[in-house]
Amino acid sequence: MFDCDQCDAELALRVTATQSLKIKSIRNLQGHRIEQYHIHADKSIPIVRGGEAEGEMYAIETFGSTGKGIVHHDMEVSHYMKNFHVGQASVRNPKSKQLYNTITKSFGTLGFCRRWLDRLGESKYLLALKSLVDADFVNPYPPLCDIKGCYTAQFEHTVILRPTYKEVMSSNLLHEASHVESWYVADGNFLNRQLSAWLEQVTNNTNDQSNVRAIIAPHAGYNYNEPTAAYLFKYIDPTNNNRIFLLGPSQHYSLV
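Residue numbers (the numbering used here): 560 to 815.
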């Protein structure tokens, strides 16, 4: 028996295989510069020449639509991000202050969704979250919609502008995984033992990319200062080079 996600995916594949759709570039969306803990920095990347500078990092994004190619905000907001430009926020309401502290501790100025707040044990927080949005302490990111019934898609690469070349940080290796396994554990020591035993097979010279074997990325929305953690563990070996990447605020950096 197939689950709904698999059925939906198979239906999408059949539609893609049997239909040829005319795609338009979404004109009012664009890429952006990235800084540390500041996803949407001070420069945007439209489809025309801009003022990019050496040493800067950018998210190069393409957006496609089978509709009009112009999106608008619609439907219920579920994604948010703490305002990067707000320093020490003066939040007076106790519930709003407690929620703001949770957001700061767990996500910093990176994006999050309400489901992740639920996982952290927050409850009855919608009014507090609205007050943070109204006070401009937290930015909302509502869904971006084209006309009803159309398909939209987004693809992105992260690049750094070097003196003589552009370095693509989002390697295609991420899309060539031959096997994916998820570990959900409540015992951090158990996960440490499992990863330590596995990583003993890998050389300690992590500067040589030929030694890299896999991707270990923590699931967002968890407090990593507590024993409960969830990690996404991917085996990849598309070129027989054995590759390892560590992504996100993982406590396992010391294992490599």
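Where is the CB? At the ideal position from N, CA and C, for every residue including glycine.
Since the structure is predicted, the reported quantities are computational estimates derived from the model, not experimental observations.
Going by DSSP, name the residue or residues bridged to N660. Numbered from 1 along the sequence shown, position 101 holds the residue referred to as residue 660. DSSP, once it has assigned bridges, lists no residue as partnering N660.
Quickly, what does DSSP pair K725 with across the bridge? List them, please. Position 166 of the sequence shown, counted from the first residue, corresponds to residue 725. In the DSSP output, where bridge partners are listed per residue, K725 has L720.
DSSP three-state assignment for Y710, whether helix, strand or coil: Translated into the one-based positions of the sequence shown, residue 710 becomes position 151. The answer is coil: DSSP assigns Y710 none of H, G, I, E or B.
Residues bridged to I619 [DSSP beta-bridge criterion]: Your numbering for residue 619 matches position 60 in the sequence shown. Paired residue(s): H716.
DSSP three-state label for N731, please. Taking the sequence shown and counting its residues from 1, the one referred to as residue 731 is at position 172. With a pLDDT of 44 at N731, under the threshold of 50, the modelled position of that residue is not reliable, and no figure is offered here.
For G667, which residues in the same chain have their Cβ closer than 8 Å to its Cβ, ignoring the five residues on either side in sequence? The residue given as residue 667 occupies position 108 in the sequence shown. Excluding sequence neighbours, G667 sits near Y596 and K641.
Output needed for I629: all residues of its chain with C-beta closer than 8 Å, excluding positions within five of it in sequence on either side, in chain order. Here the question's residue 629 lines up with position 70 in the sequence shown. I585, R586, N587 and D705.
Select from F671, H632 and K627 the residue whose C-alpha is nearest the C-alpha of Y846. The question about residue 846 has no answer here: the residues shown for the chain are numbered 560 through 815.
Through-space distance from G623 to K581, alpha-carbon basis: For the purposes of this step, residue 581 is identified with residue 22 of the sequence shown, where counting begins at 1. For the purposes of this step, residue 623 is identified with residue 64 of the sequence shown, where counting begins at 1. Those two C-alpha atoms are separated by around 10 Å.
Quick check: the segment 632–646 against the segment 679–699, are there 3 or more CB pairs under 8 Å? yes
Of the listed residues K602, L703, F714 and L658, nearest to H632 (C-alpha basis): As a working note, residue 632 is residue 73 in the sequence shown. Selected option, being the one with the closest Cα: L703.
Going by the beta-carbon positions, is the gap between F714 and T621 smaller than 8 Å? Residue mapping note: residue 714 aligns to position 155 of the sequence shown, counting from 1. Residue mapping note: residue 621 aligns to position 62 of the sequence shown, counting from 1. Going by C-beta atoms, F714 is nearer than 8 Å to T621.
Whole angstroms is fine: what's the gap from V718's alpha carbon to Y724's? On the sequence shown, residue 718 is found 159 positions in, with the first residue counted as 1. On the sequence shown, residue 724 is found 165 positions in, with the first residue counted as 1. Their Cα atoms are separated by approximately 10 Å.
For the alpha helix (DSSP H) that contains K689, what are its first and last residues? For the purposes of this step, residue 689 is taken as residue 130 along the sequence shown, with counting starting at 1. Here the alpha helix (DSSP H) through K689 covers L685 to D693.
When the Cα atoms are used, what is the spatial distance from D693 to G614? Mapped onto the sequence shown, residue 693 falls at position 134. Mapped onto the sequence shown, residue 614 falls at position 55. Looking at the two C-alpha atoms, the distance is approximately 35 Å.
Buried/exposed call for L676, threshold 16 Cβ in 10 Å: As a first step, residue 676 is located in the sequence shown; it is residue number 117 there, counting from the start. Counting Cβ neighbours within 10 Å, L676 comes out buried, since at least 16 surround it.
Give the single residue among Y684, E726, I598 and R651 whose Cα lies nearest to the Cα of G670. One-based indexing of the sequence shown puts residue 670 at position 111. The shortest Cα separation from G670 among Y684, E726, I598 and R651 belongs to I598.
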